[in-house]
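For reference, the structure is listed below as structure tokens.
In the working numbering, the protein residues as written are 1 to 77.
Here it is, written out as structure tokens:
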């Protein structure tokens, strides 16, 4: 069994309306499932690009910084 990195989940079908998926998660990362397997994580743009919401935020230099901010670990390494 795969351990999810977030308590919020959605199916590929639910991604037809991504705004509803993000609304339901409260702006937190969402695990996307296909046939009960995690295929991706969906995060709001504001988490990846905080400078869009806050012009004084310097942004992130790497995906590792983004993952650390949202409480995920880079699993690609």
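Each residue gets a CB set at the ideal place from its N, CA and C atoms; glycine is no exception.
Alpha helix (DSSP H) segment containing residue i, residue limits
{"i": "residue 69", "result": "63–70"}
{"i": "residue 47", "result": "45–48"}
{"i": "residue 24", "result": "18–25"}
N-terminal and C-terminal residue of the beta strand (DSSP E) that residue i is part of
{"i": "residue 37", "result": "37–42"}
{"i": "residue 33", "result": "30–34"}
{"i": "residue 11", "result": "9–11"}
Neighbourhood of residue i by C-beta, 6 Å cutoff - its chain only, sequence neighbours within 5 removed
{"i": "residue 27", "result": "44"}
Cβ shell of residue i (< 8 Å), same chain only, five flanking positions each side left out
{"i": "residue 46", "result": "27, 52, 53"}
{"i": "residue 20", "result": "14"}
{"i": "residue 74", "result": "At residue 74, the pLDDT of 48 sits below 50, so the modelled position is not reliable; the number obtained from the coordinates is stated separately. Hits under 8 Å: 63, 64, 67."}
Residue from the options whose Cα sits closest to the Cα of residue i
{"i": "residue 61", "options": "14, 29, 48", "result": "48"}
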